[in-house]
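Student: One structure, pasted below without further comment.
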Amino acid sequence: MPKEIRFGAFVREVNSRHRYLSYNHVTPKPIIDDNGESVPYHAPKFKLRTGVAFRLIQPYVQVRLVDQIRAVLPLALYLVLFQIIVLRSDVADAWIISGGLVAVILGLMFFMEGLRVGLMPFGEALGSSLPTRAKLPVVLTVAFLLGIGVTFAEPAIGALKAAGTIVSVKSAPYLYTLLNDWSEVLVLGVGIGVGAAAVVGTLRFLYDWSLKPLIYMTLIPTISLTLYISLNPELSKILGLAWDCGAVTTGPVTVPLVLSLGIGIAAAAGKGGDGMSGFGIVTLASLFPILTVMGLAIYVHSVTTPEEIIAAAHVSKAGVDILPWFDKTPWVEAITGLRAIVPLVLFLFLVMRFVLKEKLKQPGNIAYGISLSVIGMIIFNLGLTYGLSKLGAQSGSIVPAAFTTISGIDSSPLYNWLTGLMIAIAFAWILGFGATLAEPALNALGITVQSLTNGAFKKSTLMYAVSFGVGCGIAIGVAKIIFNIPIAWLLIPGYLSALVLTWFSNEEYVNVAWDSAGVTTGPVTVPLVLSMGLGFGNAVDAIEGFGILSMASIGPIISVLSVGIWVQWKVSRHHRKYDESHHIGKLAKQAITPLNQTKSS
Amino acid sequence: MNQKREMVVLTDISLITAVVQRGKADELVKAAQEVGAQGASIHYSHGRGVRERLGILGLAVEAEKETIHIIVSSDQANRVFEIIYRVGDFDTPGMGFMWVTPVEKAATFIPDDILEKFAREDRRNPFDVRPNEI
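Protein sequence lines, in the order shown, are assigned to chains A and B.
Adding 8 to a residue's 1-based position in the first sequence gives its number in the working numbering.
Adding 110 to a residue's 1-based position in the second sequence gives its number in the working numbering.
This is the structure in structure tokens:
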């Protein structure tokens with residue numbers, strides 16, 4: 009018997025005054041020309057009053073501003089509060105640093121929006137149409153060149169150059185020359201590594217290669233080369249830099265652009281439906297540059313000697329008193345900003361125009377996006393110099409005052425040696441843990457992983473595992489600087505144990521774990537940690553302060569792989585228990601054997 | 111005795127459809143639920159029109175949209191209509207568009223206590239004639 013009921017018993021309520029307007033008054037009337045044909049209608053542009061325009065722009069800006077404030081402010085506050093409360097010293101140049109941090113926030117906001125509007129459509133168009141229009145060698149060449157281009161456009165790369173000014177030429181001449189005289193070649197070397205990673209990653213998508221053998225094949229030469237370099241006392245000082253470069257490259261430009269090309273190629277070949285296909289490129293892009301930078305260092309070693317470098321550095325310091333205009337402060341940043349973005353855009357444009365023979369769909373939007381990203385890059389570079397690097401270097405140079413005597417801080421050491429050391433290590437651990445947990449890319453990775461593993465690997469488990477790994481990595485990196493442990497002693501066992509864990513892990517967990525290392529190092533964390541390490545190193549008279557980032561990369565790989573193996577074991581135990589409790593093994597045998605016997609008889 | 115299976119048909123329903131920029135739907139649905147809407151379904155869609163007419167300001171408007179369908183009782187319709195207008199800033203260009211459509215009938219799970227209180231038997235829509243009764 010069907011019944012009908014009233015859905016609600018509410019009184020009809022109207023809160024605002026309704027004014028009615030017939031839509032017929034709004035829509036245009038058809039216009040007929042002399043020949044009796046209707047003229048196509050073109051809607052006129054709106055003329056907005058300032059108030060309305062403001063209401064339109066305000067939410068747009070607000071969302072993006074809040075995103076960046078969330079990325080920068082907690083970290084900066086943590087450093088500042090730690091310095092004031094635990095180390096009892098004021099922040100020097102507080103106004104300049106605040107201005108710099110504001111510049112970082114604004115710069116990142118402009119840059120990310122420009123990236124979204126101007127560069128990503130390029131990347132997507134390339135990814136979807138290049139593989140169908142061009143032959144594989146052309147596609148791979150484009151992927152390779154794109155890898156180089158995106159490296160130059162990566163905002164955190166500027167931090168490497170900024171770090172070069174802190175390194176002392178006497179204690180580490182090769183490191184100094186790589187970061188100053190060879191800095192462009194260094195970035196190019198990193199770019200070649202990323203390009204090679206893009207090529208191999210694309211081939212991996214195409215032919216469904218497993219990531220495990222690729223990791224073994226990359227790591228064995230990398231570790232052997234590390235061993236070789238660590239035996240040379242002068243060269244061994246660049247190891248920290250080489251391994252850090254891997255972490256620096258995988259940022260907000262490289263990952264989406266290279267990925268969209270790779271996924272597009274895989275999709276065009278009819279592969280890559282299994283959700284796992286997006287992984288791997290990030291891993292390779294953080295491993296290959298290590299190899300190229302070590303190669304570059306060996307080359308530099310073969311062409312110059314430490315004495316020559318020190319002499320040249322003195323000459324250049326003595327000779328140049330008045331810098332030319334393009335080396336003065338707002339202009340250097342402006343030129344670096346332009347040089348970072350323009351070549352990449354030109355390259356993408358030329359590929360669109362001459363390889364794909366396709367016109368830009370919305371040239372206005374793209375021009376807007378590109379100018380935004382250039383402006384953003386320039387502001388970000390300014391903020392990097394005056395905000396992040398300065399703040400990081402300052403905290404790094406003051407934290408050791410907790411356990412040792414630092415000139416310039418009156419009451420240092422502030423605590424007894426052991427307590428102070430614990431405080432410094434805890435500071436580093438919390439910094440790494442907090443910065444990673446707040447990284448939006450990690451949240452996204454967590455969601456992907458949870459759905460890929462059908463919930464066996466929970467999002468929060470992954471996020472905590474990665475953050476824990478990064479925290480421990482940064483703490484170990486700081487300990488390395490304090491006790492002057494050669495970085496090879498930490499890296500080689502670290503990566504060897506990662507290899508062993510990889511051997512025992514599922515393909516899925518291997519993909520996730522190795523990629524998680526690259527995901528965590530964003531454009532705010534990298535400069536801060538890098539300059540903190542260098543400041544720390546200078547304060548305790550270590551030879552060089554690199555290596556913290558590389559420890560922050562290996563940390564999450566090991567922690568995520570271990571958790572992965574634990575999850576694997578838990579799942580298999582669950583299945584075994586389920587089978588045992590239901591006697592599935594026995595029952596199935598009993599059920600099948602008589603059946604077969606009856607059939608055969 | 112008639113042993114036909116029973117089903118409950120809801121009447122007096124309106125459908126509110128609102129098209130807003132991607133990412134805004136959750137906020138609007140929450141506001142609508144606070145004035146009594148039961149739920150909503152959200153579809154991803156892609157819009158054209160007003161955004162292009164805004165010129166350079168159009169860049170502040172996301173071309174990717176979310177389309178929200180909310181089924182409300184006809185008594186609620188105005189309240190939900192108004193709250194979406196206000197929370198979604200529909201008096202600003204590019205923020206969204208919505209409309210209300212009358213719905214003939216709907217069906218879903220109805221809790222027993224509500225059924226006992228309000229349901230009346232077989233007061234069918236006069237246009238709804240089932241073939242086996244002719």
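Note that beta-carbon positions come from the ideal geometry of N, C-alpha and C, so glycine has one too.
Note down the Cα distance separating residue 384 (chain A) from residue 185 (chain B), rounded to an integer number of angstroms.
Tutor: Here residue 384 (chain A) is taken as the residue at index 376 of the first sequence, counted from 1. Here residue 185 (chain B) is taken as the residue at index 75 of the second sequence, counted from 1. Looking at the two C-alpha atoms, the distance is approximately 51 Å.
Student: Can you tell me where the beta strand (DSSP E) with residue 207 (chain B) in it begins and where it stops?
Tutor: Here residue 207 (chain B) corresponds to residue number 97 of the second sequence, with the count starting at 1. First-last of the beta strand (DSSP E) with residue 207 (chain B): 206–213.
Student: Measure the alpha-carbon distance for residue 425 (chain A) versus residue 408 (chain A) and round it to whole angstroms.
Tutor: To locate residue 425 (chain A), count along the first sequence from 1; it is residue 417. To locate residue 408 (chain A), count along the first sequence from 1; it is residue 400. For residue 425 (chain A) and residue 408 (chain A), the distance between alpha carbons rounds to 10 Å.
Student: Tell me whether residue 62 (chain A) is buried or exposed, calling it buried when 16 or more other Cβ atoms sit within 10 Å of its Cβ.
Tutor: Stepping through the first sequence from its first residue, residue 62 (chain A) is reached at position 54. Residue 62 (chain A) should be labelled exposed.
Student: Which class does residue 224 (chain B) belong to by DSSP, given the choice of helix, strand or coil?
Tutor: Position 114 of the second sequence, counting from 1, holds the residue named residue 224 (chain B). It is helical.
Student: Closer than 7 Å by beta-carbon distance: list the chain A residues that pair up with residue 202 (chain B), in chain order.
Tutor: If you number the second sequence from 1, residue 202 (chain B) lands on position 92. Ordered by position in chain A, the residues that pass the 7 Å Cβ test against residue 202 (chain B) are 60, 63 and 64.
Student: With distances taken from CA atoms, which of A:501, A:162 and A:219 is nearest residue 265 (chain A)?
Tutor: Within the first sequence, the letter at position 257 stands for residue 265 (chain A). For the residues A:501, A:162 and A:219, the minimum Cα distance to residue 265 (chain A) belongs to A:162.
Student: Provide the residue span of the beta strand (DSSP E) that contains residue 156 (chain B), from first to last.
Tutor: Translated into positions along the second sequence, residue 156 (chain B) becomes position 46. From DSSP, the beta strand (DSSP E) with residue 156 (chain B) extends over 151–156.
Student: If you count every other CB in all the chains shown that lies within 10 Å of the CB of residue 391 (chain A), and 16 or more means buried, which is it?
Tutor: On the first sequence, residue 391 (chain A) is found 383 positions in, with the first residue counted as 1. Label assigned to residue 391 (chain A): buried.
Student: Using a Cβ-Cβ cut-off of 8 Å (strictly less than) and excluding sequence neighbours within five positions of residue 468 (chain A), which residues of its own chain qualify?
Tutor: Counting from one through the first sequence, the residue named residue 468 (chain A) turns up at place 460. 454.
Student: I need the straight-line Cα distance from residue 125 (chain B) to residue 70 (chain A), nearest angstrom please.
Tutor: Locating residue 125 (chain B) in the second sequence gives position 15, counting from the first residue. Locating residue 70 (chain A) in the first sequence gives position 62, counting from the first residue. About 32 Å.
Student: So, are the CB atoms of residue 127 (chain B) and residue 177 (chain B) less than 8 Å apart?
Tutor: Within the second sequence, numbered from 1, the residue matching residue 127 (chain B) stands at position 17. Within the second sequence, numbered from 1, the residue matching residue 177 (chain B) stands at position 67. Yes, they are a contact pair.
Student: When the Cα atoms are used, what is the spatial distance from residue 111 (chain A) to residue 583 (chain A)?
Tutor: If you number the first sequence from 1, residue 111 (chain A) lands on position 103. If you number the first sequence from 1, residue 583 (chain A) lands on position 575. Residue 111 (chain A) and residue 583 (chain A): Cα-Cα distance of roughly 54 Å.
Student: Shortest alpha-carbon distance to residue 174 (chain B) belongs to which of B:226, B:119, B:160 and B:141?
Tutor: On the second sequence, position 64 is the one that residue 174 (chain B) refers to. Of B:226, B:119, B:160 and B:141, the residue nearest in Cα terms is B:160.
Student: Would you say residue 558 (chain A) and residue 470 (chain A) are within 8 Å of each other, going by their C-beta atoms?
Tutor: Working through the first sequence from its first residue, we reach residue 558 (chain A) at position 550. Working through the first sequence from its first residue, we reach residue 470 (chain A) at position 462. Cβ atoms of residue 558 (chain A) and residue 470 (chain A): not closer than 8 Å.
Student: Looking at residue 635 (chain A): is its Cβ nearer than 8 Å to the Cβ of residue 566 (chain A)?
Tutor: As shown, chain A starts at 9 and ends at 609. That puts residue 635 (chain A) outside it, with no answer to give.
Student: Which chain B residues sit within Cβ distance under 8 Å of residue 125 (chain A)?
Tutor: Counting from 1 along the first sequence, the entry for residue 125 (chain A) is found at position 117. By Cβ distance, chain B contributes 169.
Student: With three or more C-beta pairs closer than 8 Å as the rule, is the stretch 298–315 of chain A touching the stretch 209–221 of chain A?
Tutor: Output reads no: the stretch 298–315 of chain A does not touch the stretch 209–221 of chain A.
Student: Taking its Cβ as the centre, do 16 or more other Cβ atoms sit within 10 Å of residue 34 (chain A), making it buried, or is it exposed?
Tutor: Here residue 34 (chain A) refers to the residue found at position 26 of the first sequence. Looking at its Cβ environment, which holds fewer than 16 other Cβ atoms inside 10 Å, residue 34 (chain A) is exposed.
Student: Note down, in chain order, every chain B residue with its Cβ under 7 Å from the Cβ of residue 54 (chain A).
Tutor: Taking the first sequence and counting its residues from 1, one reaches residue 54 (chain A) at position 46. Result: 163, 164 and 203.
Student: Using alpha carbons as the reference points, say which of A:550, A:532, A:579 and A:123 lies closest to residue 167 (chain A).
Tutor: Position 159 of the first sequence, counted from the first residue, corresponds to residue 167 (chain A). Comparing Cα positions, the closest option is A:532.
Student: To the nearest whole angstrom, what separates the beta carbons of residue 382 (chain A) and residue 349 (chain A), a pair I think is in contact under 8 Å?
Tutor: What you label residue 382 (chain A) is simply residue 374 of the first sequence in a count that begins at 1. What you label residue 349 (chain A) is simply residue 341 of the first sequence in a count that begins at 1. At roughly 5 Å, the Cβ-Cβ gap stays under 8 Å, so residue 382 (chain A) and residue 349 (chain A) are in contact.
Student: Does the separation of the CB atoms of residue 305 (chain A) and residue 439 (chain A) fall below 8 Å?
Tutor: As a first step, residue 305 (chain A) must be located in the first sequence, where it is residue number 297. As a first step, residue 439 (chain A) must be located in the first sequence, where it is residue number 431. Contact flag unset, no.
Student: Candidates B:149, B:217 and B:152: which alpha carbon is nearest residue 116 (chain B)'s?
Tutor: Your numbering for residue 116 (chain B) matches position 6 in the second sequence. That would be B:217, whose Cα lies nearest to the Cα of residue 116 (chain B).
Student: Closer than 8 Å by beta-carbon distance: list the chain B residues that pair up with residue 373 (chain A), in chain order.
Tutor: Position 365 of the first sequence, counted from the first residue, corresponds to residue 373 (chain A). Going along chain B in sequence order, the residues near residue 373 (chain A) (Cβ under 8 Å) are 169.
Student: Would you check if there are 3 or more beta carbon pairs closer than 8 Å linking the stretch 235–243 of chain A to the stretch 534–549 of chain A?
Tutor: Touching, no.
Student: Nearest to residue 370 (chain A) by CA position, among B:152, B:209 and B:165, is which residue?
Tutor: Taking the first sequence and counting its residues from 1, the one referred to as residue 370 (chain A) is at position 362. Answer by Cα proximity: B:165.
Student: Please report whether the beta-carbon of residue 24 (chain A) lies at a distance below 8 Å from any beta-carbon of chain B.
Tutor: For the purposes of this step, residue 24 (chain A) is taken as the residue at position 16 of the first sequence. Answer yes: the Cβ-Cβ gap between residue 24 (chain A) and chain B drops below 8 Å somewhere.
Student: With a threshold of 7 Å on Cβ separation, who are the neighbours of residue 601 (chain A) within its own chain once the five nearest residues in sequence on each side are excluded?
Tutor: Residue numbering aside, residue 601 (chain A) sits at position 593 when the first sequence is read from its first letter. Residue placement at residue 601 (chain A) is poorly supported in this model, since its pLDDT is 48, which falls under 50; the coordinates still yield a value, given next. If we look at residue 601 (chain A) and ignore the five residues flanking it on each side, it has no Cβ neighbours.
Student: Taking the straight line between their C-alpha atoms, what separation do you get for residue 82 (chain A) and residue 109 (chain A)?
Tutor: Taking the first sequence and counting its residues from 1, one reaches residue 82 (chain A) at position 74. Taking the first sequence and counting its residues from 1, one reaches residue 109 (chain A) at position 101. Their Cα atoms are separated by approximately 12 Å.
Student: How far does the beta strand (DSSP E) with residue 175 (chain B) in it reach, from first residue to last?
Tutor: As a working mapping, residue 175 (chain B) is identified with position 65 in the second sequence. Where residue 175 (chain B) is concerned, the enclosing beta strand (DSSP E) stretches over 174–183.
Student: Measuring straight from C-alpha to C-alpha, what distance separates residue 151 (chain B) and residue 30 (chain A)?
Tutor: For the purposes of this step, residue 151 (chain B) is taken as the residue at position 41 of the second sequence. For the purposes of this step, residue 30 (chain A) is taken as the residue at position 22 of the first sequence. Their Cα atoms are separated by approximately 29 Å.
Student: Less than 6 Å between C-beta atoms, sequence neighbours within five positions excluded: which residues of the same chain meet that for residue 327 (chain A)?
Tutor: Working through the first sequence from its first residue, we reach residue 327 (chain A) at position 319. With a pLDDT of only 49 at residue 327 (chain A), under 50, the local geometry of the prediction cannot be trusted, and no value is derived from it.
Student: Which residue comes first and which comes last in the alpha helix (DSSP H) that contains residue 131 (chain B)?
Tutor: Here residue 131 (chain B) refers to the residue found at position 21 of the second sequence. Premise fails: residue 131 (chain B) lies in the beta strand (DSSP E), 123–131, not in any alpha helix (DSSP H).
Student: Under a CB-based cut-off of 8 Å, is residue 68 (chain A) close to chain B?
Tutor: For this step, residue 68 (chain A) is matched to residue 60 along the first sequence. Yes, residue 68 (chain A) counts as interfacial toward chain B.
Student: Given that a residue counts as buried once 16 or more other Cβ atoms are within 10 Å of its Cβ, and exposed if not, what is residue 136 (chain B)?
Tutor: For the purposes of this step, residue 136 (chain B) is identified with residue 26 of the second sequence, where counting begins at 1. Result: exposed.
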